[in-house]
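Working notes, structure below.
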Ligand SMILES: Cc1cc2nc3c(=O)[nH]c(=O)nc-3n(C[C@H](O)[C@H](O)[C@H](O)COP(=O)(O)OP(=O)(O)OC[C@H]3O[C@@H](n4cnc5c(N)ncnc54)[C@H](O)[C@@H]3O)c2cc1C
């Protein structure tokens, strides 16, 4: 089919690039998504899909595919030698439409996303590499190298660098990747396991000799993580090396066999100094990398893509203040990644690398106590679920925060699920449009309803009714409204008749763009 609008170019078809392509395609924005690898990677890599990502996939209409493919985690067991130190429920206290953690190998996550795109006619162009680009006014001129060696020149309105930790886009933009490389070498395996392991649980185990972490992958396969004893190169481990770590520090009676993946790697803790230059963006591992402790990398990349996707979509559909929308991406997402990188480093040092006797005693005591305090357990789980993220900075919130009051989810926080008698708010929130939640009787909010009609399909109006529990969930005692962005964050809120804040936000993200 001939294309009338130039497509957005997405370099990299990992989870970040595929999520961004899905978001743009659903908004009717043409995309080209390329990947230099001739075929998708078959290894499992990321395993945990947290609540925040599941909520996002629901907005893309994909969550059922994920739920039917993954395993729901139930518990995290931590122990030292023969003693169990802590046994925590997973996702305890997580307030979400999907209050659980799904285990699904990254290769399956990518399959689901790429499969949906392919069925909609968007095929990942494999073996095609972004080798160069430069910006001319509002155009990005990219050079793509095809598998037959041919170079193609392509002019696009936007380029998204979703091209992983060694990002060509980041290098070409000369954006520093600030941080450091951890000194230890990590080893991992995917193997079958004999032993008393529950396939819905994670095990993190220590001894004086080191530590191992065990994660269920799929169909009886387990991921083992450990740290090599001495800094002895980065050659992949043997099965015997993995078993030696399990025997020395793992839960009792666990035997690894039939490996499908054996790998050694060094961990980097790094954050790009900028996420954007003009009309070129970094997202996912191209913008932030950190230890797999906490399992946040892929999930953070998916959230980057959901944030960036609707903003590019709005601009190319002729809505909003393009500079404010573009600037808001880095302002909102970079502080989140800074926190994720710092937390992952802390978790790894506490969990995997603190083996001195004194440190072990302190850590074991802390864990044992912390795991018995519900508030502490919940805080850890909620942070990992990525449902408690709140955007504080950037042009979309600067004006709104000053004039938006009230309790409940504030501007910048995530929307909260409301479900009753088979009705779920989340089934109405779509990644392709803003949603205006109206609390109160049908006669309330006449001005807002009239204003909303101006935006057609870009703004969906959802009547939330008058039940006190529903109003309370959003912090209202009288009729009020909440405007939810396509990435499910609260854009603005107010009481009945408080139109000012709605208008301020609408000028930034919904109104037809000023021309000239
Ligand atoms: C062992 C391990 C376990 C992990 N566990 C978790 C976990 O449980 N939870 C979690 O959230 N994260 C986890 N992660 C991190 C997660 O795997 C990454 O964060 C995730 O892959 C990032 O996705 P991405 O799409 O940003 O980048 P990538 O997956 O790296 O994809 C980038 C793509 O860009 C392509 N590319 C590169 N350069 C070019 C170019 N010039 N032109 C075209 N294409 C290009 C590459 O071929 C690649 O396919 C884990 C990682 C590892 C290694």
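Numbering (my numbering), first residue to last: 18 to 533.
We put the beta carbon where it would ideally sit given N, CA and C, even for glycine.
Length of the line joining the Cα atoms of residue 282 and residue 496: As a position in the chain shown, residue 282 is number 265, starting the count at 1. As a position in the chain shown, residue 496 is number 479, starting the count at 1. If you take the alpha carbons of residue 282 and residue 496, they lie about 55 Å apart.
Buried or exposed by the 16-neighbour rule on C-beta atoms within 10 Å, applied to residue 140: The residue given as residue 140 occupies position 123 in the chain shown. Exposed.
Cutoff 8 Å; reference residue 530; Cβ partners in own chain excluding five residues on either side: Looking up residue 530 in the chain shown gives position 513. Excluding positions up to five away in sequence, the list reads 332, 335, 336, 337, 338, 339.
Supposed close pair residue 113, residue 434 - CB separation, criterion 8 Å: On the chain shown, residue 113 is found 96 positions in, with the first residue counted as 1. On the chain shown, residue 434 is found 417 positions in, with the first residue counted as 1. Going by Cβ atoms, the distance from residue 113 to residue 434 rounds to 6 Å, so yes, they are a contact pair.
Residue span of the alpha helix (DSSP H) that contains residue 258, given as start and end: Here residue 258 refers to the residue found at position 241 when the chain shown is read from its first residue. Element bounds for residue 258: 256-266.
Counted within 10 angstroms of its Cβ, other Cβ atoms place residue 18 as buried (16 or more) or exposed: One-based indexing of the chain shown puts residue 18 at position 1. Its pLDDT being 41, under 50, residue 18 is placed unreliably by the model, and nothing is read from it.
Residue 469 vs residue 478 beta-carbon contact at 8 Å: In the chain shown, the residue the question calls residue 469 occupies position 452. In the chain shown, the residue the question calls residue 478 occupies position 461. Closer than 8 Å, so yes.
Straight-line Cα distance separating residue 462 from residue 520: Working through the chain shown from its first residue, we reach residue 520 at position 503. Working through the chain shown from its first residue, we reach residue 462 at position 445. Rounded to the nearest angstrom, the two C-alpha atoms are 14 Å apart.
Cβ-heavy atom distance, residue 146 to ligand 1, below 7 Å: In the chain shown, residue 146 corresponds to position 129, counting from 1. Result yes, Cβ under 7 Å from ligand 1.
Nearest-angstrom Cα separation, counted from residue 300 out to residue 204: For the purposes of this step, residue 204 is taken as residue 187 along the chain shown, with counting starting at 1. For the purposes of this step, residue 300 is taken as residue 283 along the chain shown, with counting starting at 1. Answer to the nearest angstrom: the Cα atoms are 27 Å apart.
Buried or exposed by the 16-neighbour rule on C-beta atoms within 10 Å, applied to residue 361: Sequence index remark: in the chain shown, residue 361 carries index 344 (1-based). Buried, since its Cβ has 16 or more Cβ neighbours within 10 Å.
For residue 96 and residue 102, the rounded distance between their alpha carbons: Here residue 102 is taken as the residue at index 85 of the chain shown, counted from 1. Here residue 96 is taken as the residue at index 79 of the chain shown, counted from 1. Cα to Cα, residue 102 sits roughly 5 Å from residue 96.
Cβ shell of residue 290 (< 6 Å), same chain only, five flanking positions each side left out: Taking the chain shown and counting its residues from 1, one reaches residue 290 at position 273. So the qualifying residues of the chain are 192, 193, 195.
Nearest candidate by alpha-carbon position, reference residue 87, set 262, 77, 78, 67: Within the chain shown, numbered from 1, the residue matching residue 87 stands at position 70. Of 262, 77, 78, 67, the residue nearest in Cα terms is 67.
Residue 8 Cβ short of 7 Å to ligand 1 heavy atom set: There is simply no residue 8 to check, as the chain begins at 18 and stops at 533 in what is shown.
Terminal residues of the alpha helix (DSSP H) in which residue 74 lies: Residue numbering aside, residue 74 sits at position 57 when the chain shown is read from its first letter. Here the alpha helix (DSSP H) through residue 74 covers 68-76.
One or two residues paired with residue 101 in a DSSP bridge: On the chain shown, residue 101 is found 84 positions in, with the first residue counted as 1. Looking at the DSSP assignment, residue 101 forms a beta bridge with 96.
Inter-stretch contact (C-beta, 8 Å, three-pair minimum) for the stretch 212-227 and the stretch 261-271: yes
Rounded separation between residue 145 and residue 163 - CA only: The sequence position of residue 145 within the chain shown is 128, counting from 1. The sequence position of residue 163 within the chain shown is 146, counting from 1. If I take the Cα positions, the gap works out to 5 Å.
The stretch 401-418 / the stretch 341-352 touching (three or more Cβ pairs under 8 Å): yes
Closer than 7 Å: residue 65 CB and nearest ligand 1 heavy atom: The residue labelled residue 65 in the question sits at position 48 within the chain shown. The answer is yes for residue 65.
Rounded straight-line distance, which links the Cα of residue 493 to that of residue 486: As a first step, residue 486 must be located in the chain shown, where it is residue number 469. As a first step, residue 493 must be located in the chain shown, where it is residue number 476. For residue 486 and residue 493, the distance between alpha carbons rounds to 9 Å.
For residue 160: DSSP bridge partner residues: As a first step, residue 160 is located in the chain shown; it is residue number 143 there, counting from the start. In the DSSP output, where bridge partners are listed per residue, residue 160 has 149, 170.
Per-residue DSSP class, three states only, for residue 26: Here the question's residue 26 lines up with position 9 in the chain shown. Strand.
Ligand 1 heavy atom lying under 7 Å from the CB of residue 33: Counting from 1 along the chain shown, the entry for residue 33 is found at position 16. Because some heavy atom of ligand 1 lies under 7 Å away, the Cβ of residue 33 counts as near it: yes.
Within 8 Å, strictly: CB atoms of residue 327 and residue 40: Taking the first residue of the chain shown as position 1, residue 327 is located at position 310. Taking the first residue of the chain shown as position 1, residue 40 is located at position 23. Yes, Cβ-Cβ distance for residue 327 and residue 40 is below 8 Å.
Cβ-Cβ distance between residue 234 and residue 441 below 8 Å: Translated into positions along the chain shown, residue 234 becomes position 217. Translated into positions along the chain shown, residue 441 becomes position 424. With respect to the 8 Å criterion, residue 234 and residue 441 are not classified as neighbours on the basis of their beta carbons.
Pairwise C-alpha distance: residue 302 and residue 533: Residue mapping note: residue 533 aligns to position 516 of the chain shown, counting from 1. Residue mapping note: residue 302 aligns to position 285 of the chain shown, counting from 1. Model confidence at residue 533 stands at a pLDDT of 49, short of 50, so the residue's coordinates are unreliable and nothing is read from them.
One or two residues paired with residue 477 in a DSSP bridge: Position 460 of the chain shown holds residue 477. DSSP, once it has assigned bridges, lists 452 as partnering residue 477.
Check whether residue 307 and residue 357 have beta carbons under 8 Å apart: If you number the chain shown from 1, residue 307 lands on position 290. If you number the chain shown from 1, residue 357 lands on position 340. Yes, the pair counts as a contact, with Cβ atoms nearer than the cut-off.
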